[in-house]
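Please read the structure below before turning to the comments.
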Amino acid sequence: MSNQVEQIPGEGGLEKVKLTRASGASCEVYVYGAHVTSWKTFDGVERLYVSSASKFASGQAIRGGIPICWPQFNTRGTYGKHGFCRSTDSWVVRRIVSDPKRDPSVTIELSDCEASKDFPFSFKLTYTVTLSDSGLTTSMHVVNNSDDPMTFTTALHTYFAVSDVTTVKVSGLQGLKFEDSTKGGEVSEQADEQLMIRGEVDRVYLDTPEEMLITDGDTAISVKKSGFPDSVVWNIGEEKAAGMSDLGAGEWRRYLCVEAGAIGTPVVVEPGAAWVAEQRFGASVAVPMSLAELGEPEVGDAERLNKIEAAFKAKGKASLPLEEAYEIMISPEEKGIYGLNDFKEDVKGFEDQMANKEQFTWEEIKVFLETVG
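With the sequence shown counted from 1, adding 58 to any position gets you this note's numbering.
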């Protein structure tokens with residue numbers, strides 16, 4: 059099977075676009091609201107949560123997936139909670155990419171429409187969703203077609219699927235200020251290295267790093283962003299969940315929202331100018347500290363060693379730079395959980411057995427694999 063992009067009917071008769079990779083990874087995007095409702099990695103695991111009670115109907119926001127909050131986050135303004143983007147059918151598919159040499163993608167566009175009549179600016183919002191084998195990228199591009207500076211707040215309100223939110227850990231927030239909506243917007247500081255959910259959580263973290271990590275048992279999702287200065291962490295909690303008609307019974311445990319946003323300070327776009335931001339997800343087994351933690355299912359396997367030796371000798375060199383050695387030694391599956399920097403760290407502990415600390419010979423590769431992993 060090659061990469062595919064299909065426009066097909068979805069729930070409630072709403073049109074959706076399905077992206078599929080040759081590996082089996084897939085993504086579904088409803089044209090209504092430009093709303094991503096499914097992201098499955100190549101292993102078939104669904105990474106996004108959508109409520110079993112979600113409404114798929116015109117004028118209703120879909121509960122789950124990745125709603126677009128624009129031009130307003132929550133109630134911080136006068137345009138209605140989370141703005142008008144997520145509940146309008148005025149979006150139009152502008153471009154699809156299904157070239158087998160490229161990651162499949164869909165671009166959906168929204169401009170001045172009935173839903174935006176109270177928004178005092180002329181605009182064009184372009185939203186692109188791109189699928190890789192174990193990752194997903196969503197990007198926003200907003201053009202101000204007005205004569206005056208445009209201001210807005212925004213967030214990509216991602217609902218990640220989790221086994222039990224009370225056991226999930228979020229890393230990358232320690233030491234950061236956050237507004238706590240469960241305490242009337244009180245500003246506090248994240249003291250713990252990892253955030254753990256113990257009940258309702260509704261926080262806007264300000265000036266957050268470009269990467270955060272969600273760990274759920276033995277799996278992890280990296281959340282990277284650019285152009286979005288802030289991050290939101292939200293779960294409704296058990297008590298309030300009972301009052302949500304579009305949230306399935308007990309399903310408050312099955313999701314955690316970790317959202318990239320521009321919230322604390324509104325975005326200002328000058329006339330004729332554009333604003334661009336994106337978020338990138340990567341899913342994998344929880345990252346090990348070293349190659350040794352990967353276990354030894356294949357390291358001693360003669361067939362694998364033969365393949366590595368053949369690849370090494372095909373280079374026609376007595377030794378290889380570490381980057382090239384990494385490419386032939388580590389399988390595609392292992393690369394997802396054991397990056398080049400991890401590899402180089404392990405090599406540092408092996409340098410006394412190398413003739414050249416920047417190069418690997420074939421004999422050194424064999425010893426390295428036997429010793430480290």
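Note that the Cβ used here is the ideal one computed from N, Cα and C, for glycine as well.
Can you tell me the Cβ-Cβ gap for residue i and residue j, rounded? I've got them flagged as a contact below 8 Å.
i       : j       : result
Glu-309 : Ser-163 : Rounded, the Cβ-Cβ distance is 30 Å, inconsistent with contact.
Glu-409 : Lys-415 : 5 Å
Gln-130 : Phe-210 : 7 Å
Val-226 : Leu-305 : In fact, because the Cβ distance is near 18 Å, the residues do not count as touching under 8 Å.
Ile-446 : Gly-91  : Because residue 446 is not part of the residues shown, which for the chain are 59 to 431, the question remains open.
Ser-156 : Ser-342 : At roughly 26 Å, the Cβ-Cβ gap does not stay under 8 Å, so Ser-156 and Ser-342 are not in contact.
So, for residue i: in the same chain, excluding its five sequence neighbours on each side, which residues have a beta-carbon less than 8 Å away from its beta-carbon?
i       : result
Pro-158 : Ser-60, Asn-61 and Ala-80
Ser-190 : Arg-79, Ala-83 and Asp-161
Leu-106 : Val-94, Thr-95, Ser-96, Trp-97, Gly-122, Gly-123, Ile-124, Thr-216, Tyr-217, Phe-218 and Ala-219
Thinking C-alpha only, which one of the options is nearest residue i?
i       : options                               : result
Ala-213 : Ser-389, Val-228, Val-326 and Phe-286 : Phe-286
Asp-147 : Phe-177, Thr-165 and Val-89           : Val-89
Ala-307 : Leu-314, Cys-315, Glu-296 and Glu-317 : Glu-296
Pro-267 : Leu-253, Gly-230, Val-226 and Glu-237 : Gly-230
Ser-239 : Ile-120, Val-291 and Glu-367          : Val-291
Tyr-384 : Ala-376, Lys-375 and Phe-370          : Phe-370
Val-316 : Lys-282, Arg-144, Pro-324 and Ala-332 : Lys-282
Ala-111 : Ser-342, Gly-301 and Glu-251          : Gly-301
Gly-330 : Tyr-137, Phe-181, His-140 and Glu-172 : Phe-181
Ser-174 : Lys-365, Arg-261 and Trp-149          : Trp-149
Ile-294 : Glu-251, Val-223, Asp-274 and Asp-400 : Val-223
Thr-99  : Ser-303, Thr-277 and Gly-68           : Thr-277
Ser-377 : Ala-413, Asp-400 and Ile-388          : Ala-413
Met-270 : Val-63, Glu-258, Glu-251 and Asp-206  : Glu-251
Determine, for residue i, whether the minimum Cβ-Cβ distance to residues of chain B falls below 9 Å.
i      : result
Gln-65 : No chain B is part of this structure, which consists of one protein chain only.
Can you name, in chain order, every residue of its own chain whose Cβ lies under 6 Å from the Cβ of residue i, other than the five neighbours on each side?
i       : result
Ser-348 : Reliability fails at Ser-348, whose pLDDT of 41 lies under 50, so the model's placement of it is uncertain and no value is given.
Leu-183 : Leu-168 and Val-200
Val-327 : Asn-202, Met-208 and Trp-333
Glu-247 : Lys-235
Val-75  : Gln-65, Val-87 and Val-164
Terminal residues of the continuous beta strand (DSSP E) containing residue i?
i       : result
Phe-218 : 217 to 219
Val-226 : Careful: Val-226 lies outside any beta strand (DSSP E) and carries neither H nor E.
Glu-64  : 62 to 67
Please determine whether the Cβ atom of residue i lies at a distance below 8 Å from any heavy atom of the ligand SAM.
i       : result
Gly-141 : In the structure on display, the ligand SAM does not appear, and there are no ligands present to speak of.
With a Cβ-Cβ cutoff of 9 Å, do residue i and residue j count as a contact?
i       : j       : result
Leu-264 : Gly-322 : yes
Thr-195 : Thr-165 : no
Ser-204 : Pro-178 : yes
Ala-318 : Ala-335 : yes
Gly-508 : Phe-114 : With the chain running from 59 to 431 in the structure shown, residue 508 is simply not present.
Ser-280 : Ile-272 : yes
By Cβ distance, which residues of its chain are closer than 7 Å to residue i, with the 5 residues on each side in sequence left out?
i       : result
Leu-380 : Lys-402, Val-405, Glu-416 and Phe-418
Thr-133 : Lys-139
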